[in-house]
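Q:
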Amino acid sequence: MTDVREPAGAGESGRITILLTSPRVAPGLMTRAAWQSLTDADEIAAAGRGQVLRGDVQAVVGSGLAVTQVEGDSGEHWGWLSSAAEAGRSVAWLVGDDGEPGLLRVVAEQVARDPRPAYGVEILHGSYDVPGARLIDLVRVMDRIRRDCPWTQQETHESLAKYLLEETYETLEALDTGDRAHLREELGDLLLQVALNSRIAEEDPDDGFTIDDVAGGIVEKLIRRHPHVFADVDATDVATVEANWEAIKATEKQRSSVLEGIPLALPALALADKVLGRAAKVLPADLPPTGDSAQDRIGHHLLQLVRESRAAGVDAEQALRTAIRQLTTQIRTAEHP
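In the numbering used here, the protein residues as written are 6 to 342.
1. Assuming Leu109 and Ile21 form a contact by the criterion Cβ under 8 Å, report the distance between their Cβ atoms to the nearest whole angstrom.
2. May I ask you to verify whether the stretch 51-69 touches the stretch 154-173, counting CB pairs closer than 8 Å and requiring at least 3?
3. Less than 7 Å between C-beta atoms, sequence neighbours within five positions excluded: which residues of the same chain meet that for Ser42?
4. Whole-angstrom Cβ separation of Ser95 and Asp47, contact assumed at under 8 Å?
5. Establish whether the CB of Leu195 and some CB of chain C are separated by less than 8 Å.
6. Does DSSP classify Ser88 as helix, strand or coil?
7. Counting along the chain, where does the alpha helix (DSSP H) carrying Ser203 start and finish?
8. I'd like to check one pair, Leu288 with Lys279: are the Cβ atoms closer than 8 Å?
9. Please go through the same chain and pick out, in chain order, the residues whose beta-carbon is closer than 7 Å to the beta-carbon of Arg337, but skip the five residues on each side of it.
10. Which two residues bound the contiguous beta strand (DSSP E) that contains Leu25?
11. CA-CA distance, Gly93 and Cys154?
12. What do you reckon, are the CB atoms on Gly69 and Pro32 nearer than 8 Å?
13. Let me check understanding here. Comparing Cα to Cα, which of Ser262, Val100, Ala324 lies closest to Leu274?
14. Going by the DSSP bridge assignment, what does Leu264 pair with across the sheet?
15. Helix, strand or coil: which one does DSSP assign to Thr333?
16. When the Cα of Leu30 is compared with those of Arg37, Gly104, Val135, Gly84, which residue comes out closest?
17. Just verifying my parser: in three-state terms, what is the DSSP assignment at Gln158?
18. Which two residues bound the contiguous alpha helix (DSSP H) that contains Leu99?
19. I need the straight-line Cα distance from Leu286 to Ala321, nearest angstrom please.
20. Out of curiosity, what's the CA-to-CA distance linking Ala200 and Thr173?
21. Specify the secondary structure class of Gly131 as computed by DSSP and reduced to three states.
22. For Val75, write down the residues that DSSP places opposite it in a beta bridge.
23. I'd like to check one pair, Arg302 with Leu281: are the Cβ atoms closer than 8 Å?
24. State the DSSP-derived secondary structure class of Gly296, mapped to helix, strand or coil.
25. Please determine, among Lys226, Ala277, Val234, the residue with the shortest C-alpha to C-alpha distance to Ala255.
26. Assuming His233 and Val246 form a contact by the criterion Cβ under 8 Å, report the distance between their Cβ atoms to the nearest whole angstrom.
27. For Gly104, which three-state DSSP category applies?
28. Among Leu99, Gly84, Ala90, which one has its Cα closest to the Cα of Ala71?
29. Note the first and the last residue of the continuous alpha helix (DSSP H) segment covering Gln259.
30. Check Gly125 in the structure and name its three-state DSSP category.
31. Measure the C-alpha to C-alpha separation of Gly142 and Gly193 and round it to an integer number of angstroms.
32. Excluding five sequence neighbours on each side, which residues of the same chain lie with their C-beta closer than 8 Å to the C-beta of Ala5?
33. At the level of alpha carbons, what is the spacing between Val144 and Ala317?
34. Buried or exposed: Val131, going by 16 or more other Cβ atoms within 10 Å of its Cβ?
35. Could you spell out where the alpha helix (DSSP H) holding Asp217 opens and where it closes?
36. Which word fits Val9, buried or exposed, when buried means at least 16 other C-beta atoms lie within 10 angstroms of its C-beta?
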């Protein structure tokens, strides 16, 4: 998509093409129109960085085209461009990773002024983000923060554990309230924990891994456990999908007990739901309770409530959270009638 402003006067004139590309797409992967604009230009230029060539500049130079590096600020860059265009030359400008908002603002002001310049100005998009592209930004930002932020440099997997737990509960709270903006923010905070822990893991000299390894692992797992999507297995209902999932997981894990893999740090109701789900594979549903103390009786009564929740297709943990939220609303109403 292009935004073209034609020159005000007739006759031979220069032309400026401002080429925007996504920093989240590999340098050189530009549209045919973008490469054509570079090939047709009398001169190609980009903001100078001394002896360091940006990735996009390297890609253009590698294709056999020359690129002039122009030092200075956005005003000086525009001065160079407009001088070349006024001399009747066709010039293309490669916008940097930061989008160069200062230059684009100058371009907009100059094109909108009266009288308009006697040359054409075109804004051309040479590449576009794909879904998930902003995750690349997250990886880049996290890498820089880990290197340059004193607080982040001292963090470890162990020191971050409490934040991971806190962010998980804050995400659950956002789900409970139904606040979509809050949920989006908390999911971002949760994603931050994944990104930072993965960045820290890179530094382990013996057993390091990267966020790409984390993402690759879950992608492979999802493909393996969804043969009805990625292979030729038929699964026409949810029960069949769940059965296939459990069978594949059992083959992968080779566990000696059905209880393996259940995190004991789960909240009690969620833990009870997990254990009861596994227990159903090896114990009868009507197994009698043991113990005669009040604590034993209440504990088994709570377990029975979780059984009833499972039978009704209700998440016991969420049901209790909802009931507590309703109670807190009643309390606040009573406090401030």
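We put the beta carbon where it would ideally sit given N, CA and C, even for glycine.
A: On the basis of the data shown:
1. Incorrect: roughly 12 Å between the Cβ atoms, too far for contact.
2. no
3. Thr22, Leu24, Ala97, Leu129
4. 5 Å
5. The structure shown contains no chain C; it is built from a single protein chain.
6. helix
7. Where Ser203 is concerned, the enclosing alpha helix (DSSP H) stretches over 185-206.
8. no
9. none
10. 20-25
11. Their Cα atoms are separated by approximately 49 Å.
12. no
13. Ala324
14. Beta-bridge pairing links Leu264 to no other residue.
15. helix
16. According to the sequence displayed, residue 30 carries Val and not Leu. For Val30, the nearest C-alpha among the options comes from Val135.
17. Under the three-state reduction of DSSP, Gln158 is assigned to helix.
18. Looking at the DSSP string, Leu99 is not in any alpha helix (DSSP H); the run it does join, the beta strand (DSSP E), is 95-99.
19. Before going further, note that residue 286 is Lys rather than Leu in the sequence given. Each residue's alpha carbon lies about 20 Å from the other.
20. 15 Å
21. coil
22. Ala52
23. no
24. coil
25. Lys226
26. 6 Å
27. DSSP places Gly104 in coil when its eight states are reduced to three.
28. Sorting Leu99, Gly84, Ala90 by C-alpha distance to the C-alpha of Ala71 places Leu99 at the top.
29. Per DSSP, Gln259 belongs to no alpha helix (DSSP H) and is neither H nor E.
30. Per DSSP, reduced to three states, the secondary structure at Gly125 is strand.
31. First, the amino acid is wrong: residue 142 is Asp here, not Gly. One C-alpha to the other measures close to 13 Å.
32. Summary: the structure shown does not reach residue 5, with the chain confined to residues 6 through 342, and so no result is reported for it.
33. 42 Å
34. In the sequence as presented, Val is not what sits at residue 131; that position holds Gly. Looking at its Cβ environment, which holds 16 or more other Cβ atoms inside 10 Å, Gly131 is buried.
35. 216-229
36. Its pLDDT being 44, under 50, Val9 is placed unreliably by the model, and nothing is read from it.
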